[in-house]
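The block underneath contains the structure these notes are about, expressed in structure tokens.
2 protein chains.
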Amino acid sequence: MQRRNEISIGTLANRTGLAVSAIRYYETQGLVAPERNAGGQRRFLRSDIRRLSFVMIAQKFGFTLDRIREVLGRLPQNRTPTAKDWRLISQDFRAELDEQIEALTRLRDKLDGCIGCGCLSLDRCALYNPDDVASNKGTGPRYLLGDEAVRPEG
Amino acid sequence: MQRRNEISIGTLANRTGLAVSAIRYYETQGLVAPERNAGGQRRFLRSDIRRLSFVMIAQKFGFTLDRIREVLGRLPQNRTPTAKDWRLISQDFRAELDEQIEALTRLRDKLDGCIGCGCLSLDRCALYNPDDVASNKGTGPRYLLGDEAVRPEG
DNA sequence: GCTTGAGCTAAAGTTAGCTTTAGGAATTAT
DNA sequence: ATAATTCCTAAAGCTAACTTTAGCTCAAGC
Chain A
1 MQRRNEISIG TLANRTGLAV SAIRYYETQG LVAPERNAGG QRRFLRSDIR
51 RLSFVMIAQK FGFTLDRIRE VLGRLPQNRT PTAKDWRLIS QDFRAELDEQ
101 IEALTRLRDK LDGCIGCGCL SLDRCALYNP DDVASNKGTG PRYLLGDEAV
151 RPEG
Chain B
1001 MQRRNEISIG TLANRTGLAV SAIRYYETQG LVAPERNAGG QRRFLRSDIR
1051 RLSFVMIAQK FGFTLDRIRE VLGRLPQNRT PTAKDWRLIS QDFRAELDEQ
1101 IEALTRLRDK LDGCIGCGCL SLDRCALYNP DDVASNKGTG PRYLLGDEAV
1151 RPEG
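Residue numbers (this note's numbering), protein chains in the order written: chain A, 1 to 154; chain B, 1001 to 1154.
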């Protein structure tokens, strides 16, 4: 009962490399909205492969699922997104990314100033500007960019 | 019983802006190691203000506490760190940071290529190179891009 | 000397992003 | 027609980085 344009969760998992459980979780988070067949099983569209690929890429850049859902919300709801639709949101995405990289670079440059004075003290240090990098408020894990960027051990 | 060079956890909290509970947690994680007074209360050194300041900065850059503990381990254990000591580890730190920024920039450039083709598909997209940015941490076996190959069925 | 604020510990709760487990039901393969 | 997969749901578990709560002790001010 697998129509041309419909795929099962297992197939989607294989095509994206995601775990089946992860895809189900993404559904609860509103990142995909599959239909159900007569037996109650999820039927995804082929275009969901691209959709979830986007999710994975965005995560690699450090975006949260909430943020990603927002971005995906800019895709047309009433039809399957075209290449042009994806191009548009990828461009917005790139702009945010540029800002993130710049913020990080500014922060790094400030660290340079502090290496000079060796202070690292709250009283004087330029590093304590709250506007630097979007500071993740509240409890829970706070990660923006991968922690172990490159470990020297390799 | 507050000696010249010793401060209470409350004072340390005020000086760093951290919550008292956060400082206690950092102790369990081996990021600070205060002594105790006769009554069992923690007595920190003034130099711990700088130490925790470093922790906060490193977190702002997205480093995990585990990673930060490692970095702090390069400070001398037997004496209070000098400005020069801090300068040395800040430099190492900067190097890692540079790599992080570069990895992110490389990834962004690849996104540019994909905006061109609008593909965002696992089969073709350059974004799925496992060497890009260190894969996300988190729980359990997560086949993110690169951890476990994207199966050969193609 | 008594009250009040600061500290202490251990344990449980929180958020994000999932995975694992348990116990069935639907599909697919033989 | 079975057997073997795959899928389903709900609930619990896990990591990181903390906070909150409960119940008690210590220290400081009047």
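We treat Cβ as the ideally placed atom computed from N, Cα and C, and that holds for glycine.
One question on the structure: do residue i and residue j come within less than 8 Å of each other, judged by their Cβ atoms?
i	j	result
R108(A)	L1097(B)	yes
I68(A)	R42(A)	no
S1090(B)	L88(A)	no
L1157(B)	L1065(B)	Outside the shown range of chain B, which is 1001 to 1154, sits residue 1157(B), and nothing can be said about it.
L1045(B)	T1016(B)	no
I1101(B)	I101(A)	yes
Just reading off the beta strand (DSSP E) that residue i is part of, what are its end residues?
i	result
L65(A)	Not the beta strand (DSSP E): L65(A) falls in the alpha helix (DSSP H), residues L65 to L72.
Which same chain residues end up closer than 8 Å to residue i when comparing Cβ atoms and leaving out the 5 residues on each side of it in sequence?
i	result
R50(A)	P81 and W86
A58(A)	R67, I68, V71 and F93
V1055(B)	Y1026, L1031, L1065, I1068 and L1072
G1062(B)	Q1100
D48(A)	I7, L12, V32 and P34
A83(A)	none
By Cβ distance below 6 Å, which residues in the same chain neighbour residue i in space, the five residues on each side in sequence not counted?
i	result
L75(A)	P81 and D85
A1095(B)	none
Q1077(B)	none
Could you tell me which residues DSSP puts in a beta bridge with residue i?
i	result
I1007(B)	F1044(B)
R36(A)	R42(A)
Leaving aside the five residues before and after residue i along the sequence, list all residues of the same chain whose C-beta is less than 7 Å from its C-beta, in chain order.
i	result
G40(A)	none
V155(A)	Here chain A covers residues 1 to 154 and nothing more, so residue 155(A) does not appear.
V1133(B)	Low local confidence applies: a pLDDT of 47 at V1133(B) is under 50, so the model's placement there is unreliable, with the coordinate-based value given in what follows. Correct list, in chain order: A1103, L1104 and L1107.
N1005(B)	L1045 and R1046
Q1029(B)	L1065 and R1069
Hey, could you find the ends of the alpha helix (DSSP H) residue i is sitting in?
i	result
T1082(B)	From DSSP, T1082(B) is part of no alpha helix (DSSP H); its letter is neither H nor E.
A1022(B)	V1020 to T1028
Select from the region 1088 to 1111 of chain B all residues with a C-beta closer than 8 Å to any C-beta belonging to chain A, and list them in chain order.
S1090, Q1091, F1093, R1094, E1096, L1097, D1098, E1099, Q1100, I1101, A1103, L1104, T1105, L1107, R1108 and L1111
If the cut-off is 8 Å on Cβ atoms, which residues from the region 45 to 78 of chain A count as contacting chain B, listed in chain order?
I49, R50, S53, F54, M56, I57, Q59, K60, F61 and G62
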